[in-house]
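Undergrad: Take a look at this one; I'll ask things after.
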Amino acid sequence: MNDPLLSVTEPVLSVKSLVVHFGAFPAVQDVTFDLRQGETVGLVGESGSGKSTLARAILRLIPATSGSVFVSGDNLLSCRPADLRRRRRDLQMVFQDPLASLNPRMSVGAALAEPLKIHEPSLSAPLRTARVMEMLERVGLSPGMAVRYPHEFSGGQCQRIGIARAMILRPKLLVCDEPVSSLDVSIQGQIVNLLVDLQKELGTAMLFISHNLAVIRHLSHRVLVIYRGRLVEAADSEQLFAAPAHPYTQALLAAVPNPTRVPAATPIAAVDETPVAAAREGGCAFVDRCPYAQDQCRLTAPSLGEIGVRHAAACHRWREVVYSWGHEARNSRSR
Amino acid sequence: MTPALDIENLSVHFPNRDGAIAAVREASLTVLPAECVGIVGESGSGKTQTFMAVMGLLSAGAHTAGSVRFGGREILGLRASELNRVRGSKLTMIFQDPMTSLTPHLRVGIQLAEVLVNHSHMSWREAEKAALRALERVRVPEAQRRLRQYPHELSGGMRQRVMIGMSLLCEPTLLIADEPTTALDVTVQAQIMEILRAMRQESRMAIVLISHDLGLVAGLADRIVVMYAGRVVESAGAADILGRALHPYTAELLKCVPDLSRPRLERMPSLAGQAPSASSAEAGCAFAPRCSLAGERCRSERPLLRDIGGTAHQAACHYPLPA
């Protein structure tokens, strides 16, 4: 799935040392990554890990404390409001709750026409309508549905409308925040496949946030794992799923229900019991839940370091962590 | 053996301007004592409404027909005061969103104790001790402190554990869990499932686990009932559903269950089209429009649920898949 062109093009989005505080609470800490044209980066973590906060800070929907967000070379965080408004057409978002993110009193056609009215005011009304109809068809809805209202649609259809509204401006960057989490398993694939098709067609760069690893694996070229506001692992998708090097990544993978095997009892450590705000000073944030923790982990926080080709992890004991995962996998195959 | 729950030809209709919405259509299913039955289907398949009818929690204006026997006794259509003799004590239910199931302005301990004061006529002092034990049983850390907290002070996973603890207070014979982990993280989901598994082994309580996620249900259920458009379309032991699904719908649902141990597919599997709306009239099989195997007969004649390949495996399909 890796396109060799990916590595030579300039990044569409370049996030550098981004920090977001809510009062004294550090919600996002020192996050750095790049996203290129046609690339999907998956961002995975539990609720409260800071994944939505990170996405919102990137789009400047909430203020960042420090760091920079470059979109096609310009720092979005230091943009003047007028420039920011102009830039918005390149930066679109799809939200988790498809019904709540649509105006209930606006017909679907009007909801899709609105971004065009704002960002392409020179477009004539007939041309605008043509664009709306074309987009509706592109997301698998019939043009006749333009006169209907959001409540008349199913969750999956509402999400198609949300995607159409985001993509009608052909943005350079699309941020999807849990877009399939509220949908039945049986139709999640429809939405994921639609996003992948649109991305291929338009070359959009996509930041895809989810706690669903099956979905992340399906559409991400690269995966970032976030825990308590920090990236703890970053790797190309295949590498991350084949050789996860952070114990937290492994805990997430082990928790995915699998019908073909009865799960082993989940170690309680895999579940966060302590309030996020009570994160310890010094030391690794994951140490209380970590089966590999040693004295060193309680004393110094590991930094995100290269451990292989395009693979970084923030763990003192990543060698043992990778080895034990491979060992488990070999054992379960031979059983 | 008297089943813990016996649902026979249950129908639930909601009358509206254009006729009626049929949420559940002649559904029959049985839950044996200590058995875990998984109910699987998409949104709108009637899986929740079936059990809202069992619990007497349907919204006003709903019409029901058929029979629901709990421990051999008919409970469908009972007055609330009658139903409350079993509801909340021997017959309990937990929901997807534990926040809206808990009262926001009462401490957790009071909400737990209240159940025992009302149903078991305990004193408040005794009931509070029992509440503490209940939280410890579902592995709530620092249970004593949690009793004095309000629901908003707890995480989603913790709230769901409180709900499970509450539902077990009066030693129910049947717990109905409706999408108990859908709003939770995968790691917390795994732990809630582990707690349900442990509770089953401890208490020989029967569980009905309702979910759209066949993969999740398969991890706990002895038997799986698949619902589509208000009807039961397949019912069999969990292993038979996973290994020898007879109904094409079940087979399609199985394809959608993610398995990280298999290679990544080019297209993410999904079911094409949409489930029919509950107000549409039926001619033939409700799944026919989405079924790749459907023939002329499927569009004109509705298949009945029948035994196929043994009495423990039933499917409603004219052309069941080869076992």
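These protein sequence lines are chains A and B, in that order.
Just so we're aligned: the first sequence equals residues 1 to 335 in our numbering.
Just so we're aligned: the second sequence equals residues 1001 to 1323 in our numbering.
Beta carbons are placed, not taken as given, at the ideal position from N, Cα and C, and that holds for glycine.
My guess is that residue 325 of chain A and residue 257 of chain A are in contact by the Cβ rule of under 8 Å, so how many angstroms apart are they, rounded?
TA: Actually they are not in contact, since the Cβ atoms of residue 325 of chain A and residue 257 of chain A sit about 19 Å apart, beyond 8 Å.
Undergrad: Name the chain B residues that come within less than 9 Å of residue 217 of chain A, Cβ to Cβ?
TA: Those are 1258, 1260 and 1264, listed as they occur along chain B.
Undergrad: Give a yes or no on whether 8 Å exceeds the smallest Cβ distance from residue 1144 of chain B to chain A.
TA: Closer than 8 Å: no.
Undergrad: So, is the C-beta of residue 239 of chain A closer than 8 Å to a C-beta in chain B?
TA: No, its Cβ sits nowhere closer than 8 Å to a Cβ of chain B.
Undergrad: Tell me which same chain residues have a C-beta within less than 7 Å of the C-beta of residue 143 of chain A, skipping the five on either side of it?
TA: Answer for residue 143 of chain A: 133, 136 and 137, listed in chain order.
Undergrad: I'd like to know whether the C-beta of residue 1019 of chain B is nearer than 8 Å to at least one C-beta of chain A.
TA: No - not a single Cβ of chain A is within 8 Å of the one on residue 1019 of chain B.
Undergrad: Against residue 1185 of chain B, what residues of chain A qualify as contacts under a CB-to-CB distance less than 7 Å, listed in chain order?
TA: Here the neighbours are 46, 47 and 211.
Undergrad: Look at the alpha carbon of residue 1321 of chain B and the alpha carbon of residue 14 of chain A, and state the distance between them as a whole number of angstroms.
TA: Their Cα atoms are separated by approximately 51 Å.
Undergrad: Let me see if you follow: with CB-CB separation under 8 Å, is residue 1201 of chain B close to chain A or not?
TA: No, residue 1201 of chain B does not count as interfacial toward chain A.
Undergrad: If you follow the alpha helix (DSSP H) that residue 1051 of chain B is in, where does it begin and where does it stop?
TA: Here the alpha helix (DSSP H) through residue 1051 of chain B covers 1047 to 1054.
Undergrad: What runs of the alpha helix (DSSP H), each 4 residues or longer, lie entirely inside the region 66 to 138 of chain A?
TA: Those alpha helix (DSSP H) runs which fall completely within the region 66 to 138 of chain A and span 4+ residues are 81 to 87, 108 to 119 and 125 to 138.
Undergrad: Straight-line CA distance for residue 66 of chain A to residue 301 of chain A?
TA: Distance between the alpha carbons of residue 66 of chain A and residue 301 of chain A is about 21 Å.
Undergrad: Looking only at its own chain, which residues have a Cβ that is under 6 Å from the Cβ of residue 268 of chain A, when we skip the five neighbours before and after it?
TA: In this prediction, residue 268 of chain A scores a pLDDT of 41, lower than 50, which makes its location untrustworthy; the coordinate-derived value is nonetheless stated afterwards. The answer is none, since no qualifying residue turns up.
Undergrad: Under a CB-based cut-off of 8 Å, is residue 76 of chain A close to chain B?
TA: Not closer than 8 Å to any Cβ of chain B, the Cβ of residue 76 of chain A fails to qualify, so no.
Undergrad: Rounded to whole angstroms, what's the CA-CA distance from residue 111 of chain A to residue 102 of chain A? Just pull it up for me.
TA: Roughly 8 Å separates the two Cα atoms.
Undergrad: Under the three-state reduction of DSSP, which class applies to residue 239 of chain A: helix, strand or coil?
TA: Of the three classes helix, strand and coil, the one that applies to residue 239 of chain A here is helix, per DSSP.
Undergrad: Is any beta-carbon of chain A found at less than 8 Å from that of residue 979 of chain B?
TA: Residue coverage of chain B in this structure runs from 1001 to 1323, which leaves residue 979 of chain B outside it and unanswerable.
Undergrad: Quick one: what's residue 1228 of chain B bridged to in DSSP?
TA: Looking at the DSSP assignment, residue 1228 of chain B forms a beta bridge with B:1231.
Undergrad: Sort A:165, A:199 and A:147 by Cα distance to residue 172 of chain A and report the nearest one.
TA: It is A:199 whose Cα lies nearest to the Cα of residue 172 of chain A.
Undergrad: Would the region 1273 to 1285 of chain B count as touching the region 1202 to 1212 of chain B if we require 3 or more Cβ pairs under 8 Å?
TA: Result no; under three Cβ-Cβ pairs closer than 8 Å.
Undergrad: Using beta carbons (cut-off 8 Å, strictly below), is residue 293 of chain A in contact with chain B?
TA: No, because no Cβ of chain B sits closer than 8 Å to the Cβ of residue 293 of chain A.
Undergrad: For the candidate residues A:183, A:123 and A:211, whose alpha-carbon lies nearest to that of residue 1211 of chain B?
TA: It is A:183 whose Cα lies nearest to the Cα of residue 1211 of chain B.
Undergrad: How long is the line joining the alpha carbons of residue 1149 of chain B and residue 180 of chain A, rounded to whole angstroms?
TA: Roughly 33 Å between the two C-alpha positions.
Undergrad: Just by C-beta distance, which residues in the region 27 to 46 of chain A are closer than 7 Å to chain B?
TA: Listed by position along the chain: 46.
Undergrad: Could you list the residues in the region 1266 to 1289 of chain B with a C-beta less than 8 Å from some C-beta on chain A, going in chain order?
TA: Going along the region 1266 to 1289 of chain B in chain order, one finds 1267, 1268, 1269, 1270, 1271, 1272 and 1274 with a Cβ nearer than 8 Å to chain A.
Undergrad: At a CB-CB cut-off below 7 Å, which residues of chain B make contact with residue 143 of chain A?
TA: Correct list: empty, because the minimum Cβ distance to chain B is about 18 Å.
Undergrad: Going by alpha carbons, who is nearest to residue 1009 of chain B out of B:1022, B:1026, B:1015 and B:1021?
TA: Checked all of B:1022, B:1026, B:1015 and B:1021; the closest Cα to residue 1009 of chain B is B:1026.
Undergrad: Does DSSP put residue 311 of chain A in a helix, a strand or coil?
TA: In the structure shown, residue 311 of chain A sits in a strand (DSSP, three-state: E or B).
Undergrad: Sort B:1032, B:1287 and B:1012 by Cα distance to residue 1221 of chain B and report the nearest one.
TA: Taking only the C-alpha atoms, the option nearest residue 1221 of chain B is B:1032.
Undergrad: Using only CA atoms, which one of A:73, A:23, A:11 and A:189 lies nearest to residue 1264 of chain B?
TA: If we check each option's Cα against that of residue 1264 of chain B, A:189 comes out closest.
Undergrad: What residues from the region 172 to 187 of chain A come within 7 Å of chain B, judged by C-beta to C-beta, listed N to C?
TA: Result list: 184, 185, 186 and 187.
Undergrad: So for residue 29 of chain A, helix, strand or coil by DSSP?
TA: DSSP places residue 29 of chain A in strand when its eight states are reduced to three.
Undergrad: Tell me which residue opens and which closes the beta strand (DSSP E) that residue 16 of chain A is part of.
TA: Where residue 16 of chain A is concerned, the enclosing beta strand (DSSP E) stretches over 11 to 22.
Undergrad: Hey, could you find the ends of the beta strand (DSSP E) residue 40 of chain A is sitting in?
TA: Segment 40 to 44, the beta strand (DSSP E) holding residue 40 of chain A.
Undergrad: Report all residues from its chain with a CB closer than 7 Å to the CB of residue 1217 of chain B; omit the five preceding and five following residues, and keep chain order.
TA: Correct list, in chain order: 1038, 1040, 1209, 1211 and 1224.
Undergrad: Residues of chain B with a CB under 7 Å from the CB of residue 110 of chain A: which are they?
TA: Going along chain B, no residue has its Cβ under 7 Å from residue 110 of chain A, so there is no contact; the nearest lies around 24 Å.
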